[in-house]
Ligand code: MLT
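In the numbering used here, the protein residues as written are 287 to 690.
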């Protein structure tokens with residue numbers, strides 16, 4: 287008899303964004319005439335930059351001619367893209383990362399989940415709470431999370447680091463031993479960040495304890511403040527303790543185009559094994575590379591005009607973030623994030639799922655309930671700045687009217 291992975295039976299409910307989509311679909315089916323404004327899942331609305339489109343068109347034409355057609359590409363990504371990544375995302379920031387430490391992939395979400403393949407099932411995993419649910423759920427699937435304790439809404443073997451207004455959204459270093467530490471800054475969902483000094487403490491901790499930091503930098507393009515690191519490799523010593531995930535999704539509108547990359551430094555060694563070598567083995571065995579056309583599109587993000595166009599789109603989302611942040615503050619709400627991030631996180635007058643439902647049913651605005659990100663997210667709501675500008679203003683008006 288084929289036996290199943292029983293860890294799946296321990297997973298509570300459905301994936302957060304699937305549950306939200308289900309509630310939204312049920313509401314829309316009953317209220318087909320209501321125009322909902324969707325500021326829930328962090329999905330972009332602005333089209334791809336013209337430079338990206340042009341590069342992709344050109345690449346499509348190449349695929350249509352015998353002389354320029356390409357079959358399988360290198361699993362790790364084409365050199366043209368890996369070199370552009372190194373030059374712009376690392377060298378320009380003083381971080382010594384080389385092209386053979388970059389693995390181009392179809393998404394930071396997949397990589398954040400798949401990275402567990404190279405780690406033993408008995409590692410202790412630490413996550414911030416609230417947390418992007420992928421870190422927790424994928425470790426639960428791999429049998430690393432222990433048992434789900436429904437009364438606590440926590441897993442028995444996961445070390446939770448509360449990241450709330452009480453500690454100014456700066457998690458405390460673990461008090462007991464942990465092996466794998468997921469950090470996401472600018473943070474999803476709270477929209478808050480760590481300064482370079484604050485991140486340095488984590489790098490020092492990980493090096494001292496032989497832990498590995500899994501650093502999710504998917505939102506770095508939204509950083510506006512100088513003292514906030516764009517990559518963990520700006521911090522000395524990170525190359526011996528950190529793996530980093532980047533994505534073109536939020537930076538350049540690639541949520542539907544799928545392109546991201548993971549950095550595994552060659553200096554990162556555990557138990558005598560190179561994690562770069564292990565990830566390379568995993569990647570080449572289980573993945574056949576991102577489509578050539580998409581990689582040409584991603585490369586164009588780093589061209590002069592590409593960078594300028596992408597910056598304009600980000601500025602547009604940043605303006606939405608400002609509108610949401612200031613609008614909600616005006617209504618007397620306690621509001622966080624939105625300065626170095628497309629996410630705004632605010633305290634709710636009631637529990638977060640009830641407030642989510644109220645916003646959906648009465649204000650017709652889709653958000654994400656904080657409790658969906660972990661127990662310390664209770665009492666908060668997350669709103670994204672990725673919407674259309676007019677819709678965003680209208681959503682803020684509707685929320686304010688509801689709270690009057
Ligand atoms: C989110 O809304 O948290 C993100 O869009 C999810 C993701 O990037 O997978």
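Heads up, the beta-carbon is just placed ideally off N, CA and C, and yes, glycines get one too.
Since the structure is predicted, the reported quantities are computational estimates derived from the model, not experimental observations.
Span separating the alpha-carbon of residue i from that of residue j
i           : j           : result
residue 599 : residue 332 : 7 Å
residue 688 : residue 645 : 8 Å
residue 658 : residue 670 : 15 Å
residue 366 : residue 585 : 7 Å
residue 516 : residue 529 : 14 Å
residue 690 : residue 563 : 58 Å
residue 680 : residue 293 : 43 Å
residue 346 : residue 579 : 6 Å
residue 650 : residue 376 : 42 Å
residue 560 : residue 552 : 7 Å
residue 420 : residue 686 : 32 Å
residue 612 : residue 632 : 11 Å
residue 357 : residue 422 : 36 Å
residue 300 : residue 487 : 35 Å
residue 616 : residue 457 : 28 Å
residue 740 : residue 291 : Missing from the structure shown is residue 740; the chain here goes from 287 to 690 and no further.
residue 582 : residue 303 : 30 Å
residue 416 : residue 309 : 21 Å
Nearest residue (CA-CA) to residue i, options the options
i           : options            : result
residue 405 : 326, 371, 499, 477 : 499
residue 676 : 669, 606, 355      : 606
residue 625 : 412, 496, 506, 593 : 506
residue 230 : 673, 681, 661, 631 : Outside the shown range of the chain, which is 287 to 690, sits residue 230, and nothing can be said about it.
residue 443 : 409, 472, 525, 596 : 409
residue 638 : 648, 430, 538, 653 : 653
residue 431 : 593, 448, 412      : 412
residue 394 : 302, 361, 544, 415 : 544
residue 389 : 312, 316, 401      : 401
residue 448 : 663, 668, 678, 674 : 663
residue 491 : 479, 287, 320, 462 : 462
residue 464 : 414, 474, 369      : 414
residue 682 : 614, 433, 460      : 614
residue 647 : 288, 295, 322, 425 : 322
residue 454 : 433, 476, 445      : 476
residue 466 : 495, 378, 339, 623 : 495
residue 385 : 368, 398, 295      : 368
residue 311 : 667, 678, 298, 643 : 643
Assumed close pair residue i, residue j - CB separation to whole angstroms, cut-off 8 Å
i           : j           : result
residue 672 : residue 603 : 6 Å
residue 452 : residue 482 : Incorrect: roughly 23 Å between the Cβ atoms, too far for contact.
residue 489 : residue 509 : In fact, because the Cβ distance is near 18 Å, the residues do not count as touching under 8 Å.
residue 524 : residue 534 : Their Cβ separation, rounded to whole angstroms, is 22 Å, which puts residue 524 and residue 534 out of contact at 8 Å.
residue 372 : residue 592 : With a Cβ gap of about 16 Å, residue 372 and residue 592 do not count as contacting.
residue 531 : residue 548 : 5 Å
At 4 residues or longer, what runs of the alpha helix (DSSP H) sit wholly inside the stretch 555-607?
561-572, 578-586
Which parts of the stretch 603-652 are runs of the alpha helix (DSSP H), unbroken and 4 residues or longer, counting only runs that do not cross its ends?
638-644
Note down, one range per segment and in chain order, each alpha helix (DSSP H) of at least 4 residues found wholly within the stretch 466-533.
482-495
Give, in chain order, every unbroken run of the alpha helix (DSSP H) that is at least 4 residues long and sits entirely within the stretch 348-427.
365-371, 394-400, 419-427
Just list the alpha helix (DSSP H) runs in the stretch 653-683, keeping only unbroken ones of 4 residues or longer that don't cross its boundaries, in chain order.
none
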